[in-house]
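Engineer: I'd like to ask you about the structure that follows.
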RNA sequence: GGGCGCGUGGCCUAGUCCGGAUAUGGCACUUGCCUCCUAAGCAAGUGGUCAAGGGUUCGAAUCCCUUCGCGCCCGCCA
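Residue numbers (the working numbering): 152 to 723.
Next comes the structure, spelled out in structure tokens:
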């Protein structure tokens, strides 16, 4: 049984409170608050009990407080107004938390292994061009969630679903085959070139119905397994995908698996889905095209039809997605999708279709709102777009200037290394720190902020901890936490003790932004400690205890950054 | 027209699920701090009708209703 110290304190408090309430003959759930500074650590509000017990809250609080004894981790219980405040036994907490961190190192904060297997799909961008910042939220949320859930103890596999069938691939492929480019691509890379073909081909299709017809024929061939068409479409997608993966790798994002949409067309599973849906009582045929009537499933709006085949019999994206989800269900316990908010209706429809097919499962979905520019929504067509590659380069360049200014003493190679880690970290941090359902307006000044609530702020605290540890060569390995008596030390210990429950909370609620906030809080507390509490100049057992605290801080900061997909440099 | 989400100091943001003690933190601005383990840091200060109105409650940023503003969706696109 691996359980962190703060959780043990919390469950101890819950237990004694429940006992005390039972003794008073009160039936009430135990809900604990984090107490404000100076009021202890956990608080139990007695106000809800007032009516039931017909007593004033402060009287109840006093009765409860006097009936509860200090315990293993509970040092003091006191009534304050309508609250019962619980103070953690600090010495015990400190010793045990620091020992835990020092023993577990990069596993400090990890939860018990869970039996559920998670398949987390993210990014899944159309392979028709480079990713822009509007899209960046998806891989960053997805990858961070995957890291957090692994830390929490789940067996997580990430997956990129490649849409290599469907209209947009045909348009791109037709363009590559038939068109000549007028403009040079922004970069000498396949995806920057292919997106130009895609854009030009779209224009051609709009202007010339004959071309549109050619594309329709190509789409039909693609879906019916015409070897040449399948091969060339796949080849084009593969090239663009490789480039997208390179961009993502620069952000510390890699995928455990790639699933090609075409697989479900070729192995017949899409056909089976279509046949099953056609048999349902909700299925209706119009001009050879089939749809489901979903009004009775809570779908509302101008249109409640959900079309699953075109009149030529070919499938649609959502139909294939249905086959993909059935495949996912066979491979995992918990499927999680990271999707833009524009997919909300689609997921509702997917859930309804699954129900109609008699499948009693559906994916968990993490939705996020889009990143826009101050001028409005990002649009490749209007040239109103910031590419992720450009953002990475700009951030890295900006970081390089900072390093060069601050650290003229280190080698060029080291400067470049730190700049990369700081630049990339800043980007990830600035995306993940904001709760997913909130819209983000992209501003360069925010994206390139290296102070306050930013990755470099946290990385800097880590580098400082490393710097101390590197200079403290002679370590006994033994320490007595009772020497950590200042407020700065106590506050730092308490923040470190909260890390495991932060991980658990993020994993349970499938959200990552609290971890970013925690990183900032932890680093800020460490910086205060660093400023006011001398470590290397301290002597004897005090020095040993402080070094142990620095080492515990170092691991906690590092593990926090790792979960955020941000590297923790040892110097900067 | 219908559905979903968001609205917190000049700007960004936590807290909202599960109502409780002076509403969290950052940016910007003002002012201090490097003979002292890296100043990408620390400290202090200015700044708030928690979109608006109503309701429930001993108590509302949090729950309910209405309104307004913004985003997204309602394709034989993906």
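Ideal Cβ positions, reconstructed from N, Cα and C, are used throughout, including at glycine. Since the structure is predicted, the reported quantities are computational estimates derived from the model, not experimental observations.
DSSP on residue 308, reduced to helix/strand/coil?
Structural biologist: Along the first chain, one-based indexing puts residue 308 at 157. In this structure, residue 308 counts as strand in the three-state DSSP scheme.
Engineer: Just tell me which of 661, 677 and 636 has its CA closest to the CA of residue 242.
Structural biologist: Within the first chain, the letter at position 91 stands for residue 242. With distances taken between Cα atoms, residue 242 lies closest to 636.
Engineer: Within the same chain, show all residues whose beta-carbon is closer than 6 Å to that of residue 277, passing over the 5 residues directly before and after it, in chain order.
Structural biologist: Within the first chain, residue 277 is the residue found at index 126, counting from 1. Excluding residues within five positions, the ones whose Cβ falls inside 6 Å are 314 and 319.
Engineer: Work out the CA separation of residue 573 and residue 455 for me, nearest whole Å.
Structural biologist: Mapped onto the first chain, residue 455 falls at position 304. Mapped onto the first chain, residue 573 falls at position 422. Each residue's Cα considered, the two are about 48 Å apart.
Engineer: With DSSP as the reference, label residue 226 as helix, strand or coil.
Structural biologist: Within the first chain, numbered from 1, the residue matching residue 226 stands at position 75. In the structure shown, residue 226 sits in a strand (DSSP, three-state: E or B).
Engineer: Roughly how many whole angstroms lie between the Cα atoms of residue 664 and residue 649?
Structural biologist: Taking the first chain and counting its residues from 1, one reaches residue 664 at position 513. Taking the first chain and counting its residues from 1, one reaches residue 649 at position 498. About 16 Å.
Engineer: Could you give the first and the last residue of the continuous beta strand (DSSP E) run that contains residue 602?
Structural biologist: Against the first chain, residue 602 aligns to sequence position 451. Counting along the chain, residue 602 falls outside any beta strand (DSSP E), and DSSP gives it neither H nor E.
Engineer: Look at residue 712 and residue 606 and say whether their C-beta atoms are less than 9 Å apart.
Structural biologist: Stepping through the first chain from its first residue, residue 712 is reached at position 561. Stepping through the first chain from its first residue, residue 606 is reached at position 455. Cβ atoms of residue 712 and residue 606: closer than 9 Å.
Engineer: At the level of alpha carbons, what is the spacing between residue 623 and residue 659?
Structural biologist: Translated into positions along the first chain, residue 623 becomes position 472. Translated into positions along the first chain, residue 659 becomes position 508. If I take the Cα positions, the gap works out to 39 Å.
Engineer: Please give me, in chain order, every unbroken run of the beta strand (DSSP E) with length at least 3 that falls completely inside the region 488–560.
Structural biologist: List check, beta strand (DSSP E) in window: 515–519.
Engineer: Please classify residue 337: does DSSP put it in a helix, a strand, or coil?
Structural biologist: For the purposes of this step, residue 337 is identified with residue 186 of the first chain, where counting begins at 1. It is coil, neither helix nor strand.
Engineer: For residue 198, does the three-state DSSP call read helix, strand or coil?
Structural biologist: By 1-based counting over the first chain, the position of residue 198 is 47. It is coil, neither helix nor strand.
Engineer: Does the region 253–262 touch the region 221–238, meaning 3 or more C-beta pairs lie closer than 8 Å?
Structural biologist: The region 221–238, when compared against the region 253–262, does not touch it at the 8 Å Cβ threshold.
Engineer: Tell me whether the beta-carbon of residue 722 lies closer than 9 Å to the beta-carbon of residue 618.
Structural biologist: Position 571 of the first chain holds residue 722. Position 467 of the first chain holds residue 618. The answer is yes: Cβ separation under 9 Å.
Engineer: Excluding sequence positions up to five away, which residues of its chain have a Cβ less than 8 Å from the Cβ of residue 515?
Structural biologist: Residue numbering aside, residue 515 sits at position 364 when the first chain is read from its first letter. Excluding positions up to five away in sequence, the list reads 485, 486, 487, 488 and 661.
Engineer: Taking the CB atoms as reference points, tell me whether residue 325 and residue 365 lie closer together than 9 Å.
Structural biologist: Within the first chain, numbered from 1, the residue matching residue 325 stands at position 174. Within the first chain, numbered from 1, the residue matching residue 365 stands at position 214. Yes. Within cutoff.
Engineer: Measure the C-alpha to C-alpha separation of residue 294 and residue 697 and round it to an integer number of angstroms.
Structural biologist: Taking the first residue of the first chain as 1, we reach residue 294 at position 143. Taking the first residue of the first chain as 1, we reach residue 697 at position 546. About 34 Å.
Engineer: Tell me, to the nearest whole angstrom, how far the beta carbon of residue 166 is from that of residue 251; I am working on the premise that it is less than 8 Å.
Structural biologist: Residue numbering aside, residue 166 sits at position 15 when the first chain is read from its first letter. Residue numbering aside, residue 251 sits at position 100 when the first chain is read from its first letter. 21 Å between Cβ atoms; not a contact.
Engineer: Using 9 Å as the threshold, is the C-beta distance between residue 625 and residue 646 below it?
Structural biologist: Locating residue 625 in the first chain gives position 474, counting from the first residue. Locating residue 646 in the first chain gives position 495, counting from the first residue. Cβ atoms of residue 625 and residue 646: not closer than 9 Å.
Engineer: Identify every run of the beta strand (DSSP E) within the region 395–428, keeping only runs that are complete inside it and at least 3 residues long; order them along the chain.
Structural biologist: Correct list: 408–411.
Engineer: Please classify residue 236: does DSSP put it in a helix, a strand, or coil?
Structural biologist: In the first chain, residue 236 corresponds to position 85, counting from 1. Strand, per DSSP.
Engineer: Going by C-alpha to C-alpha distance, which of 459, 262 and 634 sits closest to residue 694?
Structural biologist: Numbered from 1 along the first chain, position 543 holds the residue referred to as residue 694. Measuring from the Cα of residue 694, the nearest candidate turns out to be 634.
Engineer: Would you mind stating whether residue 299 and residue 543 have Cβ atoms separated by less than 9 Å?
Structural biologist: Within the first chain, residue 299 is the residue found at index 148, counting from 1. Within the first chain, residue 543 is the residue found at index 392, counting from 1. Contact: no.
Engineer: Keeping to the same chain, check which residues put their C-beta closer than 8 Å to that of residue 374; ignore five residues upstream and five downstream.
Structural biologist: The sequence position of residue 374 within the first chain is 223, counting from 1. Excluding residues within five positions, the ones whose Cβ falls inside 8 Å are 316, 416, 465 and 466.
Engineer: Could you name the residues of the same chain whose beta carbon sits closer than 6 Å to that of residue 462, not counting the 5 residues immediately before and after it, in chain order?
Structural biologist: Within the first chain, residue 462 is the residue found at index 311, counting from 1. Cβ neighbours of residue 462 beyond the five flanking positions: 438, 439 and 440.
Engineer: Find out if the Cβ-Cβ distance for the pair residue 408, residue 308 is shorter than 9 Å.
Structural biologist: The residue given as residue 408 occupies position 257 in the first chain. The residue given as residue 308 occupies position 157 in the first chain. Yes, Cβ-Cβ distance for residue 408 and residue 308 is below 9 Å.
Engineer: Could you tell me if residue 347 is buried or exposed, where buried requires 16 or more neighbouring beta carbons within 10 angstroms of its beta carbon?
Structural biologist: In the first chain, counting from the first residue as 1, residue 347 sits at position 196. By the 10 Å Cβ count, residue 347 comes out buried.
Engineer: Does the pairing of the region 378–390 with the region 282–292 give three or more beta-carbon distances under 8 Å?
Structural biologist: No, the region 378–390 does not touch the region 282–292.
Engineer: Could you compute how far the alpha carbon of residue 153 sits from the alpha carbon of residue 303?
Structural biologist: As a working note, residue 153 is residue 2 in the first chain. As a working note, residue 303 is residue 152 in the first chain. Unreliable placement is indicated for residue 153, whose pLDDT of 49 sits below 50; the coordinate value is still reported in the next sentence. Roughly 12 Å between the two C-alpha positions.
Engineer: Can you grab the Cα-Cα spacing for the pair residue 246 / residue 641, in whole Å?
Structural biologist: Position 95 of the first chain, counted from the first residue, corresponds to residue 246. Position 490 of the first chain, counted from the first residue, corresponds to residue 641. Near 11 Å, if we compare the C-alpha coordinates of residue 641 and residue 246.
Engineer: Can you list, in chain order, the residues of its chain with a C-beta nearer than 6 Å to that of residue 538? Leave out the 5 residues immediately preceding and following it.
Structural biologist: Taking the first residue of the first chain as position 1, residue 538 is located at position 387. So the qualifying residues of the chain are 281 and 283.
Engineer: Between the Cα of residue 192 and those of 171, 175 and 163, spot the shortest distance and give me the residue it belongs to.
Structural biologist: As a first step, residue 192 must be located in the first chain, where it is residue number 41. Nearest option by C-alpha distance: 163.
Engineer: Between which two residues does the alpha helix (DSSP H) holding residue 217 run?
Structural biologist: Along the first chain, read from residue 1 onward, the residue named residue 217 stands at position 66. It spans 208–218 - the alpha helix (DSSP H) in which residue 217 sits, taken as one unbroken run.
Engineer: I'd like the list of long-range same chain contacts for residue 706, defined as Cβ closer than 6 Å, with 5 residues on each side in sequence excluded.
Structural biologist: If you number the first chain from 1, residue 706 lands on position 555. Once the five neighbours on either side are set aside, the close Cβ partners of residue 706 are 252, 256 and 259.
Engineer: Compute the beta-carbon to beta-carbon distance between residue 443 and residue 476, rounded to the nearest angstrom, for a pair I have assumed lies under 8 Å.
Structural biologist: In the first chain, residue 443 corresponds to position 292, counting from 1. In the first chain, residue 476 corresponds to position 325, counting from 1. Wrong, their Cβ atoms sit about 15 Å apart, outside the cutoff.
Engineer: Is it buried or exposed, residue 272, if we count other Cβ atoms within 10 angstroms and call 16 or more buried?
Structural biologist: The residue given as residue 272 occupies position 121 in the first chain. By the 10 Å Cβ count, residue 272 comes out buried.
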